[in-house]
Each structure stands twice: as structure tokens, then as C-alpha cells.
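Going line by line, the protein sequences match chains A and B.
Counting along the first sequence from 1, when you hit position 42 you're at 44 in the numbering used here, and nothing is skipped either side.
Counting along the second sequence from 1, when you hit position 86 you're at 88 in the numbering used here, and nothing is skipped either side.
Cβ coordinates follow ideal geometry from the N, Cα and C atoms, glycine included.
Bear in mind the structure is a predicted one, so any value in this text is a computation, not a measurement.
First comes the structure, then the notes that go with it.
Protein chains: 2
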Amino acid sequence: MVRPPLTPEERLRGEQLGVMLRQARGARSIVEVATAAGMSAETLRKIETGRIATPAFFTIAALADVLDVSLDHLAVRAVPATPAMPT
Amino acid sequence: MVRPPLTPEERLRGEQLGVMLRQARGARSIVEVATAAGMSAETLRKIETGRIATPAFFTIAALADVLDVSLDHLAVRAVPATPAMPT
DNA sequence: TATAGGCCGAATAAAAATACCGGTATAGTT
DNA sequence: AACTATACCGGTATTTTTATTCGGCCTATA
């Protein structure tokens with residue numbers, strides 16, 4: 003009936019996404035990239051550190067545009083192992 | 003100091019994303035696609051109708067995977083005109 | 001009848017996104 | 001040495017939004 007809490011797997015997934023975004027930022031400062039992507043530096047920092055585990059689609063899209071990385075690439079890399087549910 | 007309300011532009015952007023996802027779903031039922039993507043049917047319906055304007059990145063990623071569409075494609079199409087800020 | 005698909009509104013807990021504060025560490029300047 | 005500026009981190013507080021379930025309602029079709 004309510005929104006369920008994030009699972010440990012979802013937390014991990016968010017951390018991995020953050021690591022990739024941080025790596026893509028390279029030597030640029032958080033302030034510069036966040037401003038270019040139209041978000042606050044605090045938000046970008048929390049995404050990079052995984053404290054925002056399930057950020058909004060358009061937030062990541064804006065970041066990917068600024069950082070010149072592919073959204074599909076990010077999604078695939080962040081969700082590595084599909085549970086492979088048996089039929 | 004607080005999270006600002008969604009702008010009309012963000013609402014529109016969400017609606018456009020919904021339209022694209024709906025089109026990609028084709029003849030498949032909401033229940034089938036939502037289940038395959040690991041979310042409730044109600045949530046998918048709200049995304050398609052734009053009532054969830056800024057869905058989570060991994061939510062859209064799961065949908066894009068099931069529907070076999072590109073996240074980059076969705077992002078570009080949903081945010082068509084960059085404001086073209088003058089230098 | 002009844003079954004399947006879809007639409008809508010209310011209610012709820014959890015989380016996003018933001019700002020502010022202090023702390024740390026490094027690099028450059030006076 | 002003292003000061004200044006930049007950059008990053010962690011916590012707190014706040015409002016808005018997500019994601020979910022439930023119930024009802026409608027339409028087509030077997």
C-alpha cells in the first residue's frame with residue numbers, strides 16, 4: 003500500500019552509478035558540472051556518493067549529456083547481473 | 003532550502019516521455035509489461051499518462067529494456083529544444 | 001454474465017532535491 | 001606563519017514527489 007524501502011541491491015546499484023558518474027566527471031569540479039547540468043552541487047555530490055540511490059531519469063540524462071556518456075551504457079553497467087529467473 | 007515544485011516544462015517533458023513509452027508498448031498489456039519490468043501496473047500507467055513526471059532512472063531503464071528502446075533516444079526526444087542560452 | 005483491459009482518485013511511507021552548517025585538506029599569497 | 005580560496009564531505013531540515021495499494025467505474029468481448 004505504500005512505497006517500499008530501497009533494498010540493499012538498489013543501494014548498491016546507486017553506488018555503482020555514482021562511481022561511474024564521478025569517473026566521467028574527471029578533473030572538473032562538482033560545482034561546474036552541476037551548474038552545467040542544471041542541478042545543485044549538493045545533489046550531484048549525493049548522487050556520486052550513492053546517497054541518492056534512485057535519482058530521477060531526467061537528472062541522470064542531463065548529467066550524461068554534460069559528461070558525454072551514454073545512458074544505456076550507464077544503465078547496463080549499473081545493473082550488471084540480471085537475476086536470470088528460470089521459466 | 004526545499005525541493006522546488008515541478009515546472010510546467012517538466013510536466014510536459016514527463017508527458018512526452020509517457021507518450022513514447024506507451025507507443026513502444028504497442029499491443030502488449032500494461033500488466034504484462036509492468037510485471038516484466040518489475041513494477042506495479044498502476045505505476046506504469048501513471049508514467050505513461052505523465053502523472054509521474056520525473057520517474058526514477060532505473061525505473062525507466064527497466065522499461066526501456068523490456069520495450070527494447072534506447073534510453074538516449076528517449077531522453078533526447080523528451081527534451082527536444084535546449085533553451086539555446088546565449089553566450 | 002463475466003472477464004480482461006484501462007482510467008481515475010485517495011491514502012500512505014519512503015525517497016528526491018534543495019539549502020545551510022561545520023569540518024577537513026590542499027594550494028597559493030601576503 | 002597566517003590568511004585566503006577552492007574543493008570535498010557529512011549531517012540536519014524542509015517540501016515535493018515517487019511508488020505503491022485499494023476501490024470504484026467504464027468499455028469491449030467471449
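Asked                                                                                                                     : Found
Chain B within 7 Å of A/Pro6, Cβ atoms only                                                                               : no
C-beta contact flag for A/Phe60 and B/Ile62 at 7 Å                                                                        : no
Outcome for A/Thr45 when other beta-carbon atoms lying within 10 angstroms are tallied against a minimum of 16            : buried
At least three beta-carbon pairs within less than 8 Å, the segment 19 to 28 of chain B to the segment 65 to 76 of chain B : yes
Assumed close pair B/Ala77, B/Gly16 - CB separation to whole angstroms, cut-off 8 Å                                       : Not confirmed; about 12 Å, so no contact.
Ranges of the alpha helix (DSSP H) found wholly within the segment 3 to 75 of chain A, counting only runs of at least 4   : 10 to 27, 32 to 39, 43 to 50, 59 to 69
Contact set between A/Thr56 and chain B, taken where Cβ atoms lie within less than 8 Å                                    : Ala58, Phe59, Phe60, Thr61
Rounded Cβ spacing between A/Leu73 and B/Asp74 (contact assumed at less than 8 Å)                                         : 5 Å
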